[in-house]
Amino acid sequence: SNSESTTNFAGDGSSGMYFWGAQMEVGGYVTSHIPTDGITRTRGIDLAYLDGTAGTEFDDIYRTDEGTFIIDWFNNPQGNHNDGYVFAVDDGTGNNRIAAVNSNSYQVTVTAGGSSQGTRDLGSINSGDNKIAFTYKLNDQATSLNGSDASVDTSCTLPTGLKYWWIGLRQGQYDMLGGYVRRIIYYPKRLPNNQLKNLSS
6 SNSESTTNFA GDGSSGMYFW GAQMEVGGYV TSHIPTDGIT RTRGIDLAYL
56 DGTAGTEFDD IYRTDEGTFI IDWFNNPQGN HNDGYVFAVD DGTGNNRIAA
106 VNSNSYQVTV TAGGSSQGTR DLGSINSGDN KIAFTYKLND QATSLNGSDA
156 SVDTSCTLPT GLKYWWIGLR QGQYDMLGGY VRRIIYYPKR LPNNQLKNLS
206 S
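For what it's worth, my numbering labels the leading residue of the sequence shown as 6, then goes sequentially.
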């Protein structure tokens, strides 16, 4: 044993132990398993999305006229906290989207028909854990960040043609989060403002 709490055992010819999935990393937090294939590797970009192109169940899940997302994510202090996307629903382009952003300037952005419908800023995000609840509905959208009172937008057009859910980026290649998403909850209705505050706490 030494000062870093490691243990050495030379072996006795009959005792033994097995390890599976052990992983050592340099950094301030632990990531999920990184396959190494016997050599040193670093984490690549984790790309997760739900594809809503023809023949999928996207329309059974996503309601086009109203809904609510609650997203719990970890903001890595060394990650992209200027414009890293936590989550986006879009049409595969930048013309139509609703997104949660890992930023101290704004946390939700909406674009419809190539025209910005505005952003919502509820203050600074935390270094580490964050939770956001945001709704979409024609002229009745709201956002709550980390238990804040809901910020409401009563003049926002809804984007159309949405068919992808991107986790940790937008359009499959832009504005990587640099942290990780723990949980996404989706309600196919616009929840009340007080419930947004509770769900983001």
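Yeah, the Cβ is synthetic: ideal placement off N, Cα and C, and Gly gets one too.
Taking 8 Å as the cut-off, does the region 167 to 176 touch the region 128 to 136 (at least 3 CB pairs, one atom from each stretch)?
With a cut-off of 8 Å, the region 167 to 176 and the region 128 to 136 do not count as touching, because too few Cβ pairs lie within range.
Work out the CA separation of Gly21 and Asp96 for me, nearest whole Å.
Approximately 55 Å, taken between the alpha carbons.
Express the C-alpha separation of Thr73 and Asp158 in angstroms, rounding to a whole number.
C-alpha separation (whole angstroms): 14 Å.
Buried or exposed: where does Asn87 fall if 16 or more other Cβ atoms within 10 Å of its Cβ makes it buried?
Answer is exposed; the Cβ neighbour count stays below 16.
Let me check understanding here. Comparing Cα to Cα, which of Asp56, Leu163 and Ala105 lies closest to Val91?
If we check each option's Cα against that of Val91, Ala105 comes out closest.
What did DSSP end up calling Asp158 once you bin it into helix, strand or coil?
If DSSP states are grouped into helix, strand and coil, Asp158 belongs with the strands.
Taking C-alpha atoms, which residue in Ser149, Lys168, Lys142 and Ile76 lies nearest to Phe63?
Per the Cα distances, Lys168.
Go through its chain and collect everything with a Cβ distance to Tyr111's Cβ below 6 Å, but skip five positions before and after it.
Counting only Cβ-Cβ distances below 6 Å, and skipping sequence neighbours, we find Thr124 and Asp126.
Thinking C-alpha only, which one of Ala93, Leu55, Val113 and Arg188 is nearest Leu150?
Leu150 has its Cα closest to that of Val113, out of Ala93, Leu55, Val113 and Arg188.
In the DSSP assignment, find the unbroken beta strand (DSSP E) run with Ile137 in it and report its ends.
That run of the beta strand (DSSP E) goes Gly133 to Lys142.
So what does DSSP say about Asp95, is it helix, strand or coil?
Here Asp95 sits in strand by DSSP.
With 16 other CB atoms within 10 Å as the buried threshold, where does Leu143 fall?
Exposed is the call here.
By DSSP, does Asp56 sit in helix, in strand, or in coil?
Reduced to three states, the DSSP call for Asp56 is strand.
Going by beta carbon distance, what residues of the same chain come within less than 8 Å of Gly118, once the five residues before and after it are set aside?
So the qualifying residues of the chain are Asn100, Asn101, Thr162, Pro164 and Thr165.
Name the two residues that bound the continuous alpha helix (DSSP H) containing Gln200.
Per DSSP, Gln200 belongs to the alpha helix (DSSP H) from Asn198 to Leu204.
So, with DSSP's three-state summary, where would you put Asp77?
Note: Asp77 maps to strand in three-state DSSP.
Which residues bound the beta strand (DSSP E) around Ile189?
It spans Tyr185 to Tyr192 - the beta strand (DSSP E) in which Ile189 sits, taken as one unbroken run.
Ordered along the chain, which non-local residues of its own chain (more than five positions away) have a Cβ less than 8 Å from that of Asp154?
The answer, listed in chain order, is Asn198 and Lys202.
State the DSSP-derived secondary structure class of Ile130, mapped to helix, strand or coil.
Coil at Ile130, not helix or strand.
Could you please give the first and the last residue of the uninterrupted beta strand (DSSP E) stretch that includes Gln112?
First-last for Gln112: undefined, no H or E at that position.
Do you know how far the Cα of Ser120 is from the Cα of Arg187?
Looking at the two C-alpha atoms, the distance is approximately 31 Å.
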